[in-house]
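Presented below is the structure to which this report refers.
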Amino acid sequence: MVLPTLLFYSAASVVILTVVLVLLYYTHPTLLFEWYMRYQLYSSGLCVRYVKNEERTYCYAERGTRTPDRSSILFIHGFTASKDMWVPLVKLLPKNLHIVAVDLAGHGHTTQVPGEDISFLGQIKTLHQFVELIGLNSAPYHVIGQSMGGAMAGLYAAHYGHEVDKVTLICPAMKTPVETEFIHELRSGHCRLIPKEPEEVQYMIDSTLYNKRRFPKQILKAVIKTREPYNDFFHELYTTLATDEEGEQLIQHAEKITVPSQIIWGEHDELVHVSGFDVLKKALPNCQKADVIERCGHSTNMDRPGMVVKLLLQFRGEYIKTNRKSKAQ
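Quick note on full-length UniProt numbering: the sequence shown kicks off at 1 and runs consecutively.
Written out as structure tokens, the structure reads:
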């Protein structure tokens, strides 16, 4: 009688869980969305941590420990994103790598200090304070950034090159020879990356991906609700960065980026035009690897995570084809 009883209770548990999830989906989609994101983060092996200084609380995720033969990785996310955006890559990266993914000021769970400098140069100073707090700069580390984070990664390497082992710039925010429709919209005062309606969220997602994906309206509503508390800061940040002066920062400082450098760009980037690829490649004095990924948009981490990981490991000299468990998609 024991086995039938166990089977009964197991089946009942599954039914109850299903009912609860369905109810949450329709009544509290934001809670369900947050649980899902948290599950994805922890399933990648990342542990969420907090560290404080006199000004703010930094939130970051970490996996592994530093080893003498491999440089640690510092991931810098893009505008309105968070450390969570790196989960698709972290899941594919070797478990023996030490990884740190930080929430930038005003994003995720890292606090913002009112009135602080949120220009690119101001943000990298704030980021460096975090690096010092956790002692990441006790040995050279690999800085990887995408979009806004890509520009920050380059500027960070330009100013703190004595600490950096190498740098990877993925679709970095910069002024490009050909401007996208997104840039024209920014000049007119509209930013599609700060959506207010479910349809606008879907449009934002479509703009960042080559492989378009449709999401249920309940999920899109959850995204809006989750981002709502940050929108005022996002508007302030967008106004600060959407200028020609800020857009030229990366190229203006490129000659100071003397550490081994890598560029990755999505061929079909609808936000930062791929015409910036050759400009940046010529401007970097020590560019050792540069690749344009086919069938890929701005969000390389979502469109082609396997290929991004392959290129990163090749740049680091750690890619062994026979040992890769996943295909470079």
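For glycine and all other residues, C-beta sits at the position ideal for the given N, C-alpha and C.
Give the range of the alpha helix (DSSP H) segment to which S119 is assigned. It is not in any alpha helix (DSSP H) - S119 carries neither H nor E in the DSSP assignment.
In terms of DSSP beta bridges, what is V164 paired with? Y141
Close Cβ partners of T65 (< 8 Å) along its chain, the five nearest in sequence each way excluded: H98
Scan the stretch 235 to 284 and note each continuous alpha helix (DSSP H) run of 4 residues or more that stays entirely inside, going in chain order. 244 to 247, 249 to 253, 276 to 283
Less than 8 Å between the beta carbons of P305 and L169, yes or no? no
Please list, in chain order, all residues of the same chain as E248 whose beta carbon is under 8 Å from its beta carbon, the five residues on each side excluded. M174, K175
Can you determine whether any heavy atom of the ligand PLP sits closer than 7 Å to the C-beta of L209, and answer yes or no? Ligands displayed in this structure: none; no statement on the ligand PLP is therefore possible.
Within a Cβ cutoff of 7 Å, which residues of the same chain sit near L89, ignoring the five residues on either side of it in sequence? N301, P305, V308, V309
Counting only runs that start and end within the stretch 56 to 143, where is the alpha helix (DSSP H) found for 4 or more residues in a row? 87 to 90, 120 to 134
By how many angstroms is the C-alpha of V292 removed from the C-alpha of W265? 5 Å
Span of the alpha helix (DSSP H), counted from its first residue to its last, around K310: 305 to 316
In whole angstroms, give me the CA-to-CA distance for I79 and D69. Checking the displayed sequence, the identity of residue 79 turns out to be Phe instead of Ile. C-alpha separation (whole angstroms): 32 Å.
Under three-state DSSP, which class holds P38? According to the sequence as given, residue 38 is Arg; it is not Pro. R38: helix per DSSP, three-state reduction.
Please look up how many angstroms separate the CB atoms of Y210 and H273, rounded, as I've assumed it's under 8 Å. Not quite, the Cβ-Cβ distance comes to about 14 Å (not below 8 Å), so this is no contact.
Just curious, the beta strand (DSSP E) that V51 is in, first and last residue? 47 to 52
Going by alpha carbons, who is nearest to Q146 out of F182, K282, T208? T208
Continuous beta strand (DSSP E) stretch holding A290: start and end: 287 to 293
The alpha helix (DSSP H) with P198 in it runs from where to where? 198 to 208
Distance CB(H109)-CB(C59) smaller than 8 Å: yes
Within 8 Å, do at least three Cβ pairs link the stretch 155 to 164 to the stretch 249 to 259? yes
Residue range of the unbroken alpha helix (DSSP H) whose run includes F182: 181 to 187
Give the C-beta separation of A61 and A101 to the nearest angstrom, bearing in mind that I take them to be a contact with Cβ-Cβ under 8 Å. 5 Å
My output table needs one value for I194: the three-state DSSP class, helix, strand or coil. coil
Kindly give me the distance between the Cβ atoms of L32 and F120, rounded to whole angstroms, as I take these residues to be in contact under 8 Å. The pair is not a contact, with the Cβ atoms about 35 Å apart (cut-off 8 Å).
Should residue 343 go down as buried or exposed, given a rule of 16 or more other Cβ atoms within 10 Å for buried? Because residue 343 is not part of the residues shown, which for the chain are 1 to 329, the question remains open.
Q146 bridges to which residues according to DSSP? I170
How many angstroms separate the CA atom of L280 from the CA atom of Q262? 10 Å
Of the choices K95, K83, P172, whose alpha-carbon is the least far from that of F277? P172
Relative to the C-alpha of K95, which residue among T67, T111, V223, A81 is closest? T67
Is it buried or exposed, I320, if we count other Cβ atoms within 10 angstroms and call 16 or more buried? exposed
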